[in-house]
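Working notes for the structure below.
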Amino acid sequence: MVSARVGTGTALSAVLLSLMAAPAYAAPTTTVAPATAGELPAPDVAGLDGVLRTALSQGAPGAMARIDDNGTVYTVAEGVADRATGRGIATKDRFRAGSVTKSFSAVVLLQLVDEGKLNLDTSVNTYLPGLLPDDRITVRHVLSHRSGLYDYTNDMFAQTVPGFESVRNKVFTYQELVDLSLDKPLNNAPGAAYSYSNTNFVVAGMLIEKLTGHSVRTEYENRIIKPLKMTDTFYVHPGTAIPGRHANGYLTPDEAGAALVDSTEQTVSWAQSAGAMISSTRDLDTFFSSLVRGKLLSAAQLAQMEQWTTVNSTQGYGLGLRRRDLSCGISVYGHTGTVQGYYTYAFTSKDGKRSITALANTSNNGTVLNTLAQTLESAFCGKPTASVAARSTAPVERHEDIAPGIVKD
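Here the sequence shown stands for residues -26 to -1, 1 to 383, numbered as in mature numbering (1 follows the signal peptide of the UniProt record, and there is no 0).
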């Protein structure tokens, strides 16, 4: 394995020199030469470092990224993991991966389809009688965010910090979370439209536990974490601590200029199977690469996972899996993650040979959210080459995986 590391205190030789000379990153007004069919351009590691530096300038205490490129590893880290001690962030640090958990939940359910224990087009109420208000809501609708179920986090976190503090140490049952959703009518008829909702993957967790007779933790461990030897990945709910060396998370208050809130310790019980996973950049690269290479699902179920519902002009959503279409014509597959104090982008190429996981240890900061998305351009599209606007064409992210109905400036 070849490895290269860049970032504060960790740059290597010529890479360090190029980064020292590089200006702070700004979204470039450039076009990118299309990759040769079947090939990806070399990662733009200096550009990736610039993206992370920009995230710091916009309020993130730290940011990091790891690219696994068919045996070559690139790691970049800027800023701090702990504001109190000043310890620098590093790609070995564990963190809360938020809604990347949804991909884990979907994989478990699709494995159950492979085992003949679940049918995607059967009503959820067949497996969980009386749970949902409409028998037309199928398992497929839930996994593709087309159930119409209202996202209870829109109300829970309408006020960011007070909402978080009210649930930081609380332990919910799945039923309690579903009940919060059902206090509101469906957003749309089942199957009619894509509408991102954490409620869907709370239902997914209930399905996993009902069909297997085990906790979601046990199923994640036995079906994904242990087989892939993901030694940094944990589901500790309702525990509040991140095991081992980790990056602290810092939540941005709604009030401009207010101090960041250390949100590291929490139950994440408000999310559970929708967002409570802890992982690392290495492990998430391993997970998504293994997924698209067919190491977790049959070819038939992977094909089901990659049936895309349109989200916008550059994004699709499958079954617990996101597709993002980049400026160079390459599509990548994975998931984003938001949990208080952490933004994650974890994506891989179609063949799984190149993967990136990027993290900023803040949230409720729409500017950082959009900046972090640019790590995908640097990782998969390489260095920009011409002088025509291209990379700024992606729609601006105005919503997070938490409280997706609330616009983030």
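For each residue, glycine too, the CB sits at the ideal point set by N, CA and C.
These numbers were taken from a predicted model, which means no experiment stands behind them.
{"Item": "Contact check, glycine 104 vs histidine 115, beta carbons under 9 Å", "Value": "no"}
{"Item": "Cβ shell of glycine 165 (< 6 Å), same chain only, five flanking positions each side left out", "Value": "His115, Arg120"}
{"Item": "For glycine 268, three-class secondary structure by DSSP", "Value": "coil"}
{"Item": "Alanine 132 to leucine 94 span [Cα, whole Å]", "Value": "33 Å"}
{"Item": "Same chain, Cβ closer than 8 Å to valine 242, five either side skipped, listed in chain order", "Value": "Arg70, His211, Gly249, Ala250, Val313"}
{"Item": "6 Å Cβ shell around alanine 80 - same chain, five flanking residues per side excluded", "Value": "Leu117, Leu293, Gly294"}
{"Item": "Of the residues Leu258, Asn162, Ser237, the one placed nearest leucine 202, counting alpha carbons only", "Value": "Leu258"}
{"Item": "Classification of valine 277 by the beta-carbon crowding that lies within 10 angstroms, buried from 16 upward", "Value": "It should be pointed out that residue 277 corresponds to alanine in this sequence rather than to valine. So alanine 277 ends up on the exposed side."}
{"Item": "Sheet register partners of aspartate 43 (DSSP bridge)", "Value": "Thr46, Arg328"}
{"Item": "CB contact check: leucine 160 to chain C, cutoff 9 Å", "Value": "Absent from the structure is chain C; it holds one protein chain and no more."}
{"Item": "Contact between the segment 266 to 281 and the segment 72 to 92 (3+ Cβ pairs under 8 Å)", "Value": "yes"}
{"Item": "Inter-residue CB distance, glycine 326 and arginine 267 (contact presumed, cutoff 8 Å)", "Value": "4 Å"}
{"Item": "Outcome for lysine 382 when other beta-carbon atoms lying within 10 angstroms are tallied against a minimum of 16", "Value": "buried"}
{"Item": "Three-state secondary structure assigned by DSSP to phenylalanine 208", "Value": "strand"}
{"Item": "Touch test, the segment 60 to 68 against the segment 299 to 314, Cβ-Cβ under 8 Å, three pairs minimum", "Value": "no"}
{"Item": "Residues bridged to glycine 308 [DSSP beta-bridge criterion]", "Value": "Arg296, Phe321"}
{"Item": "Inter-stretch contact at 8 Å, needing at least 3 Cβ pairs: the segment 41 to 55 / the segment 13 to 29", "Value": "yes"}
{"Item": "Assumed close pair threonine 112, threonine 96 - CB separation to whole angstroms, cut-off 8 Å", "Value": "6 Å"}
{"Item": "Arginine 219 in three-state terms, based on DSSP", "Value": "coil"}
{"Item": "Range covered by the beta strand (DSSP E) that runs through tyrosine 291", "Value": "289 to 291"}
{"Item": "Nearest-angstrom Cα separation, counted from proline 136 out to glycine 340", "Value": "19 Å"}
{"Item": "Distance between beta carbons of leucine 30 and proline 107, contact taken as under 8 Å", "Value": "No, proline 107 and leucine 30 are not in contact; Cβ-Cβ is about 45 Å, not under 8 Å."}
{"Item": "Through-space distance from phenylalanine 261 to alanine 230, alpha-carbon basis", "Value": "37 Å"}
{"Item": "Own chain residues within Cβ distance below 7 Å of lysine 158, not counting five before or after", "Value": "Tyr124"}
{"Item": "Three-way DSSP call (helix, strand, coil) for aspartate 125 in this model", "Value": "coil"}
{"Item": "Spatially closest choice to phenylalanine 146 from Ser189, Ala245, Leu350, by CA coordinates", "Value": "Ala245"}
{"Item": "Backbone CA spacing between threonine 349 and leucine 102 [nearest angstrom]", "Value": "40 Å"}
{"Item": "9 Å Cβ cutoff met for serine 323 and valine 306", "Value": "yes"}
{"Item": "Residue nearest to aspartate 129 in terms of C-alpha spacing, selected from Lys144, Arg110, Leu151", "Value": "Leu151"}
{"Item": "Residues of its chain near serine 77, where Cβ-Cβ distance is below 8 Å and the 5 sequence neighbours each way are ignored", "Value": "Phe261, Phe262, Leu265, Gly294, Leu295, Gly308, His309"}
{"Item": "C-beta atoms of threonine 214 and serine 254 nearer than 9 Å", "Value": "no"}
{"Item": "Between the CA atoms of phenylalanine 354 and glycine 72 - distance to the nearest angstrom", "Value": "23 Å"}
{"Item": "Residue interval of the alpha helix (DSSP H) (run including arginine 114)", "Value": "113 to 117"}
{"Item": "Cutoff 6 Å; reference alanine 332; Cβ partners in own chain excluding five residues on either side", "Value": "Ala39, Tyr319, Leu346, Thr349"}
{"Item": "Contact test: isoleucine 380 Cβ vs the ligand SAH heavy atom, cutoff 8 Å", "Value": "Of ligands this structure carries none, so the ligand SAH is not represented either."}
{"Item": "Closest Cα partner of leucine 225 within the set Pro217, Ala232, Gly218, Asp236", "Value": "Asp236"}
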